[in-house]
Amino acid sequence: MDFKRTLLAAALPFTAALAFSLSSAAHALEIKFADIHPAGYPTVVAEEQLGKTLVADSDGKLTFKMFAGGVLGSEKEVIEQAQVGAIQMARVSLGIVGPVVPDVNVFNMPFVFRDQAHMRKVIDGEVGDAILAKITDSEFGLVALAWMDGGTRNLYTKKPVRSLEDLKGMKIRVQGNPMFIETINAMGGNGIAMDTGEIFSALQTGVIDGAENNPPTLLEHNHYQNARFYSLTGHLILPEPIVMSKITWEKLTPEQQALVKKTAKAAQAQERVLWDAKSASSEEKLKAAGVEFITVDKKPFYEATASIREKYGAPYADLIKRIEAVQ
């Protein structure tokens, strides 16, 4: 009898620890993170590190699973899933956010940033934080946490674009934002809204004559196989927010919320280093594959899009002044 009591007493701590472990696992909150970019892409690599940090620093109370390559759907579909809490986190393009949270369109306007360095200083400062807050405080159902660098967007086409005249009548894919469509139209092209996953076949079949994006996207999505001319218009320099479902955010403790914010900002810094390296290597690989990089006179493109800035810029006059003031 005494032996049985001793055995039971010895087993109790183990049983309690196992029960606690099982209970913790059962109550762990899974973070599913979606990105349309493939594995190895700078945003995805930084997001995977974000996940590792969340798991480690939350003592396993948060778990993490990365879904890269658009496996959970287009960005529009991912946002819709995040809004209802089916996906917990994502990196999304501002072009998708703009129609729902109009204030972010200040970043979506053509040539609003002087160059990439200017954009980075803006998103690292008060203006960047203000735009994140605009997203969070809207009815969008998402909490905006940090910025990824989406690079400088240029035109890539089947036929060379060396001037505005060359672009005339070309069907150019853009994200589904009226401002982007009108920007291409103002430059003489024909803006066509289309999901990223449809671009390759659309280029292949002649549904579109080109698209616009950065070198890593041109390379990683294999668009260069059908669009071998890359014109350095620099018409858009778009930062991209990391967002969390508001439903998920409200399930977190204050400490976990602080941890999520901290890791998101760390991912912002890490992705920037990765981006610069990836962008440089992508440019080298594209040139080696026969893609022609075309330096254009940006002034005509800037002047052609003045009507877009006039039409959409009025509500953001103060923000635009603050952006221009950043040195």
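Mapped onto mature numbering (1 follows the signal peptide of the UniProt record, and there is no 0), the consecutive letters of the sequence shown carry residue numbers -28 to -1, 1 to 299.
For glycine and all other residues, C-beta sits at the position ideal for the given N, C-alpha and C.
Item: Please look up how many angstroms separate the CB atoms of PHE201 and LYS131, rounded, as I've assumed it's under 8 Å.; Value: 7 Å
Item: Fully enclosed by the stretch 49 to 108, which beta strand (DSSP E) runs are 3 residues long or longer?; Value: 61 to 63
Item: Check this for me: beta carbons of ILE214 and LEU117, under 8 Å apart or not?; Value: yes
Item: Inspect the CB distances between the stretch 6 to 17 and the stretch 62 to 79 and report whether three or more fall short of 8 Å.; Value: yes
Item: Using the Cα positions of GLU212 and ASP121, report the straight-line distance between them to the nearest angstrom.; Value: 6 Å
Item: What residue range does the alpha helix (DSSP H) around VAL232 cover?; Value: 226 to 260
Item: Residue range of the beta strand (DSSP E) that MET38 falls in?; Value: 34 to 39
Item: Opposite TYR128 in the DSSP bridges: which residues?; Value: ALA183, TYR202
Item: Below 8 Å on the Cβ atoms is my contact criterion, and I expect VAL179 with ALA165 to pass it. Report the Cβ-Cβ distance as a whole number of Å.; Value: Incorrect: roughly 12 Å between the Cβ atoms, too far for contact.
Item: Counting Cβ pairs closer than 8 Å, one from the stretch 14 to 25 and one from the stretch 138 to 154, do we hit at least three?; Value: no
Item: Per DSSP, what kind of secondary structure is ARG145 in: helix, strand or coil?; Value: strand
Item: What is the DSSP secondary structure of ASP121, reduced to helix, strand or coil?; Value: strand
Item: Alpha carbon to alpha carbon, how far is MET151 from GLU282? Give it in angstroms, no decimals.; Value: 12 Å
Item: Using three-state DSSP, classify GLU282 as helix, strand or coil.; Value: helix
Item: Below 8 Å on the Cβ atoms is my guess for ARG294 versus VAL99; work out the distance and round it to an integer in Å.; Value: 5 Å
Item: By the 10 Å Cβ neighbour count, where 16 or more other Cβ atoms means buried, how is ARG125 classified, buried or exposed?; Value: buried
Item: By Cβ distance, which residues of its chain are closer than 8 Å to residue 301, with the 5 residues on each side in sequence left out?; Value: The chain is shown from -28 up to 299; residue 301 falls before or after that span and cannot be answered.
Item: What first and last residue would you give for the alpha helix (DSSP H) that runs through ILE171?; Value: 171 to 177
Item: Contact check, LEU204 vs TYR196 under 8 Å by CB: the rounded distance?; Value: LEU204 to TYR196, Cβ: 15 Å. No contact.
Item: Please check if any C-beta of chain D sits within less than 8 Å of the C-beta of ASP29.; Value: In the structure shown, chain D does not exist; there is a single protein chain.
Item: Using CA atoms only, rank isn't needed, just tell me which of GLY113, ALA158, LEU175, PHE85 is closest to TYR128.; Value: LEU175
Item: Closer than 6 Å by C-beta to VAL133: which residues in its own chain qualify, once you throw out the five before and the five after it? Chain order, please.; Value: LEU127, LEU139, SER203
Item: Would the stretch 233 to 244 count as touching the stretch 19 to 38 if we require 3 or more Cβ pairs under 8 Å?; Value: yes
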